[in-house]
Amino acid sequence: MNDNDLIGEFDAMVWAERFVKRVTAKPTIATDTGAMLAWFSGAIMAGYDTARRRNDEEPVLIEVLRQCVEALRLTREYVGEDLLPALPGWSWFDATEAASIFLGPLSAVGEPAPERSEK
């Protein structure tokens, strides 16, 4: 049985199911400290590597999101308020409002986002 496909796997259920298969096939693994150390080190490092990779990508994704919001702002500035009014329900506006969760409190038009009323 080869466990190379677990490299990069961070789903605990996948690791647990594979562990059960391993112990079922060879019950002494459960009492072998070296095997346990190797198994759990692999699982922990898979999670660590995944988290680190995601953190390394986050600044790039935030910058791309900022550029998209700026492109929408400039497009709206170019075509004018008549064609692209800042109204909840318009897809461009709602998308930039959703982006503001990650980018801060400003809307695509460079002003504080208007309060939404629940209807």
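In this text, residue positions in the sequence shown follow the working numbering: the first is -14, and each later residue adds one.
Backbone N, C-alpha and C fix where the C-beta goes; we use that ideal spot for every residue, glycine too.
Option in the options with minimal Cα separation from residue i
| i | options | result |
| --- | --- | --- |
| A56 | L72, A80, R39 | A80 |
| R58 | R37, E2, A84 | A84 |
| R37 | G(-7), L22, W77, N(-13) | G(-7) |
| A139 | I47, M(-2), L(-9), G65 | One cannot answer for residue 139 here, as it falls past the ends of the chain, which runs -14 to 104. |
| A31 | D17, N(-11), R61 | N(-11) |
| N(-13) | M(-2), R7, R51 | R7 |
Residue i versus residue j: straight-line alpha-carbon distance, rounded
| i | j | result |
| --- | --- | --- |
| V134 | K11 | Any answer about residue 134 is impossible in this case: the structure gives the chain only from -14 up to 104. |
| D34 | T9 | 28 Å |
| W0 | D41 | 24 Å |
| M21 | A15 | 7 Å |
| E2 | P44 | 34 Å |
| Y63 | R39 | 35 Å |
| G65 | W77 | 14 Å |
| V49 | A(-3) | 31 Å |
Neighbourhood of residue i by C-beta, 6 Å cutoff - its chain only, sequence neighbours within 5 removed
| i | result |
| --- | --- |
| G19 | none |
| F(-5) | A31, G32, T35 |
**Message:** When you compare the stretch 60 to 76 with the stretch 27 to 38, are there three or more beta-carbon pairs, one atom per stretch, that lie closer than 8 Å?
**Reply:** no
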